[in-house]
Structure formats: structure tokens, C-alpha cells
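Engineer: First the structure, which I've put down as C-alpha cells, then a few questions once you've had a look.
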Amino acid sequence: MRAAGSVVAGAMVAVGLALLPAAASADGFITPFIGVNFGGAAGASLNTSLNDASKIDYGVAVRYMSHGVVGVEEEFSDSPNLYGSGTGYSSSSLLTLMTNVVLGIPVGGQQGSGVRPYGVAGVGLVRQRLTAEPGFASVTGENAAWDLGFGVMGFFGRYVGLQGDIRYFRNFNGNSTSSGISLAEGTFNTARASIGIAFRY
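According to my numbering, the residues represented by the sequence shown are 152 to 352, in order.
What follows is the structure, given as C-alpha cells:
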């Protein structure tokens with residue numbers, strides 16, 4: 152009887168172990184997104200000659216989560232024409248490239264439908280640029296920066312879901328130029344709200 156009990160107990164442990172990887176395996180995500188910048192530099196007027204500014208932001212995030220809770224992320228975004236264009240300047244842009252630590256909890260598991268609230272924090276690069284027309288000088292501000300944010304992912308099945316989040320960006324040091332237009336003179340900061348399609352692999 153004792154041997155039979157040991158066999159049953161062993162079988163139950165084996166079944167439990169077989170189920171664990173589905174709940175605690177590593178997974179990855181690729182998320183193209185579109186967002187809107189607000190606050191800080193978003194909508195700021197650098198010069199009266201600049202107009203038609205746009206707060207729309209596009210980007211992609213690649214994320215790897217170990218055991219569903221802790222992960223790392225590389226995120227790139229581009230805000231074309233954030234400061235507008237005008238006399239002497241044909242276009243403007245804001246680029247961010249950030250490396251983040253991610254903390255998230257997969258509610259409902261990692262293999263099928265469910266939600267995953269998360270927080271992110273990291274460091275990277277913020278690059279602002281006004282592209283000049285012939286006869287004028289382009290203006291570029293490039294600084295180390297940090298970001299902080301939170302969001303949620305929701306999956307309809309194993310592979311595809313939606314992601315929405317809000318992030319705040321700020322540079323470590325001020326940057327000024329000798330041009331008539333200054334980018335990030337003092338301390339640059341802005342926030343972004345975005346939504347994207349998350350592909351899980």
C-alpha cells in the first residue's frame with residue numbers, strides 16, 4: 152500500500168511539474184504602436200516662423216519577459232514634425248531610443264487570453280532635430296534621458312493582443328545651441344500615451 156501511495160504521489164507531482172512551464176515560461180513581444188505626445192515640449196513654440204506642428208508619435212517595442220514577471224525592453228519612437236516647419240526649416244522630429252526594465256504580472260496565464268499590467272523604467276537617448284532648408288543651419292539636440300511609465304496588455308488568444316500605456320521622458324542634462332532656435336534649453340521633458348498591437352512569440 153505504501154508503494155502504491157508513493158506511485159500515486161509521484162504521478163501527481165509529475166503532472167503538476169508538467170503544468171508549470173505553461174504558467175512560468177519566458178515569452179517575447181513585438182509591439183508596433185501609435186501615440187500622442189502631450190505636456191512639456193509637445194506643442195511648445197520654438198519660433199514664430201514654425202507652424203503645422205504634430206503631436207503624433209509612431210514606434211515599435213521589442214520585449215522579453217523571463218518567467219512572465221521580469222523583463223527587458225528596447226523601444227524606438229519617432230515624432231515627425233513635433234515642432235512643425237516654417238521659414239528656413241523643412242521639417243522637425245523627436246526620436247527616442249530607450250532600454251527599459253519591465254515588471255508585469257500575467258493574469259490568466261501566458262499561453263492564452265488574459266491581461267498583463269506592467270510598469271517600465273529605463274535610460275536611453277532623446278534626439279530632437281530641426282532640418283534646415285538650403286542657406287540655413289539645422290539644429291540638433293541630443294541627450295541621455297530616462298523614462299518611466301505603466302500600461303496593460305490584453306490578449307485574445309495565444310499570439311495577438313492590444314497594448315496601451317503612458318510614459319514620461321526627461322533628459323539628464325539641459326542642452327542649448329548657438330542657433331537662433333534652441334532645443335531643450337534647460338531640461339527637456341514630454342509624455343506620451345500610446346496604443347499598439349502586441350504580437351507574442
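Note that the Cβ used here is the ideal one computed from N, Cα and C, for glycine as well.
Mind checking I332: buried by the 16 CB within 10 Å criterion, or exposed?
Structural biologist: Here residue 332 is taken as the residue at index 181 of the sequence shown, counted from 1. With 16 or more Cβ atoms within 10 Å of its Cβ, I332 is classed as buried.
Engineer: Return the chain-ordered list of same chain residues with a C-beta closer than 7 Å to the C-beta of N324, the five sequence neighbours on each side being excluded.
Structural biologist: Taking the sequence shown and counting its residues from 1, one reaches residue 324 at position 173. The answer, listed in chain order, is N294.
Engineer: Just reading off the beta strand (DSSP E) that V290 is part of, what are its end residues?
Structural biologist: Within the sequence shown, numbered from 1, the residue matching residue 290 stands at position 139. That run of the beta strand (DSSP E) goes 290 to 306.
Engineer: Jot down the residue ranges of each uninterrupted beta strand (DSSP E) in the stretch 235 to 285, minimum 3 residues, whole runs only, in chain order.
Structural biologist: Segments of the beta strand (DSSP E) lying fully in the stretch 235 to 285: 240 to 255, 265 to 283.
Engineer: Contact between the stretch 276 to 291 and the stretch 232 to 248: three or more CB pairs below 8 Å?
Structural biologist: As far as the Cβ criterion goes, the stretch 276 to 291 touches the stretch 232 to 248, which means the pair count is three or higher.
Engineer: Use the C-beta contact count for N322: other C-beta atoms within 10 angstroms, 16 or more gives buried, fewer gives exposed.
Structural biologist: As a working note, residue 322 is residue 171 in the sequence shown. Result: buried.
Engineer: Should N188 be labelled buried (16 or more other beta-carbon atoms within 10 Å of its own) or exposed?
Structural biologist: In the sequence shown, residue 188 corresponds to position 37, counting from 1. Its Cβ being crowded by 16 or more others within 10 Å, N188 is buried.
Engineer: Within the chosen definition, does the stretch 223 to 243 reach the stretch 204 to 212 through at least 3 CB pairs nearer than 8 Å?
Structural biologist: Touching, per the Cβ criterion.
Engineer: What do you get for A195, buried or exposed, if any count of 16 or more other CB atoms within 10 angstroms of its CB means buried?
Structural biologist: The count along the sequence shown starts at 1 and reaches residue 195 at position 44. Answer is exposed; the Cβ neighbour count stays below 16.
Engineer: Which residues mark the beginning and the end of the beta strand (DSSP E) in which G222 is found?
Structural biologist: To locate residue 222, count along the sequence shown from 1; it is residue 71. Counting along the chain, the beta strand (DSSP E) containing G222 begins and ends at 221 to 231.
Engineer: So, under 8 Å CB-CB, A283 and N251 are touching, yes? Tell me the CB distance rounded to an integer number of Å.
Structural biologist: For the purposes of this step, residue 283 is identified with residue 132 of the sequence shown, where counting begins at 1. For the purposes of this step, residue 251 is identified with residue 100 of the sequence shown, where counting begins at 1. Actually they do not touch by this definition, with Cβ atoms about 33 Å apart.
Engineer: Of the choices F287, S217, S230, M216, whose alpha-carbon is the least far from that of G237?
Structural biologist: In the sequence shown, the residue the question calls residue 237 occupies position 86. Of the listed residues, the one whose Cα sits closest to G237 is F287.
Engineer: Give the secondary structure of L197 by DSSP, where H, G and I count as helix, E and B as strand, and everything else as coil.
Structural biologist: Position 46 of the sequence shown, counted from the first residue, corresponds to residue 197. Reduced to three states, the DSSP call for L197 is coil.
Engineer: When we look at the beta-carbon of S345 and count the other beta-carbons within 10 Å, is it buried (16 or more) or exposed?
Structural biologist: Looking up residue 345 in the sequence shown gives position 194. Answer is buried; the Cβ neighbour count reaches 16.
Engineer: If G315 sits next to G302, beta carbons under 8 Å apart, how far is it from one beta carbon to the other, in whole angstroms?
Structural biologist: Position 164 of the sequence shown, counting from 1, holds the residue named residue 315. Position 151 of the sequence shown, counting from 1, holds the residue named residue 302. Their Cβ separation, rounded to whole angstroms, is 6 Å, which keeps G315 and G302 in contact under 8 Å.
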